[in-house]
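Colleague: The working numbering applies: residue 1 is where the sequence shown begins, and numbers increase by one. Yeah, the Cβ is synthetic: ideal placement off N, Cα and C, and Gly gets one too. This one's a predicted model, so the numbers in the text were calculated from it and none came from an experiment. First the structure, then my questions, so here it is.
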Amino acid sequence: MILADENIDHSLIHAIRNAGFEVYSVYENNRGLSDEAIIDYSRDPPRIILTEDKDFGEWVFAHKVSYISVIFLRYAFPDTEAISEILIRLLSERSNGLFGHFTTITTQKIRSKPFL
Numbered sequence: 001m002i003l004a005d006e007n008i009d010h011s012l013i014h015a016i017r018n019a020g021f022e023v024y025s026v027y028e029n030n031r032g033l034s035d036e037a038i039i040d041y042s043r044d045p046p047r048i049i050l051t052e053d054k055d056f057g058e059w060v061f062a063h064k065v066s067y068i069s070v071i072f073l074r075y076a077f078p079d080t081e082a083i084s085e086i087l088i089r090l091l092s093e094r095s096n097g098l099f100g101h102f103t104t105i106t107t108q109k110i111r112s113k114p115f116l
């Protein structure tokens with residue numbers, strides 16, 4: 001399951017759901033949820049946090065938060081469709097391999113770094 005942070009564009013959530021993935025949207029269900037609460041919620045059962053908030057990188061690498069999985073999206077609004085295609089392809093091909101990683105997706109590349 002994907003846990004979409006409040007900042008994720010609705011068209012991305014719609015595209016991911018249409019591709020067959022279960023998505024829990026913080027915007028739709030729990031607006032204003034803190035990063036700490038999102039991290040806690042992502043742990044049981046394990047969910048991949050989908051975000052555009054670089055603070056999650058700080059949580060993972062500076063504060064050493066573990067046992068979570070994060071996909072960080074970096075793109076300009078006109079690239080929403082391209083980023084959604086890249087994301088869906090990544091989830092289809094490697095969703096289990098994303099757990100315990102901080103993955104950054106741009107229109108140019110995908111970088112994934114383990115942190116467990």
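For tyrosine 75, which residues in the same chain have their Cβ closer than 7 Å to its Cβ, ignoring the five residues on either side in sequence?
Modeller: Taking the sequence shown and counting its residues from 1, one reaches residue 75 at position 75. Same-chain partners within the cutoff: Ile83, Thr106, Thr107.
Colleague: Just to confirm the assignment, what range does the beta strand (DSSP E) spanning arginine 111 have?
Modeller: Locating residue 111 in the sequence shown gives position 111, where the first residue counts as 1. Note, arginine 111: beta strand (DSSP E), 110-114.
Colleague: For leucine 98, which residues does DSSP report across the bridge?
Modeller: Looking up residue 98 in the sequence shown gives position 98. According to DSSP, which records beta bridges pairwise, leucine 98 is partnered with nothing at all.
Colleague: Let me know the secondary structure DSSP gives phenylalanine 72 once reduced to three states.
Modeller: Position 72 of the sequence shown holds residue 72. Shown here, phenylalanine 72 sits in a strand according to DSSP, grouped into three states.
Colleague: Assign alanine 15 to one of two classes, buried (16 or more other C-beta atoms within 10 Å of its C-beta) or exposed (fewer than that).
Modeller: Within the sequence shown, residue 15 is the residue found at index 15, counting from 1. So alanine 15 counts as buried.
Colleague: Would serine 34 and isoleucine 48 be called neighbours here (beta carbons separated by less than 8 Å)?
Modeller: Position 34 of the sequence shown holds residue 34. Position 48 of the sequence shown holds residue 48. No, the Cβ-Cβ distance between serine 34 and isoleucine 48 is not below 8 Å.
Colleague: Using the C-alpha atoms, what's the distance from glutamate 28 back to phenylalanine 102?
Modeller: What you label residue 102 is simply residue 102 of the sequence shown in a count that begins at 1. What you label residue 28 is simply residue 28 of the sequence shown in a count that begins at 1. Each residue's alpha carbon lies about 24 Å from the other.
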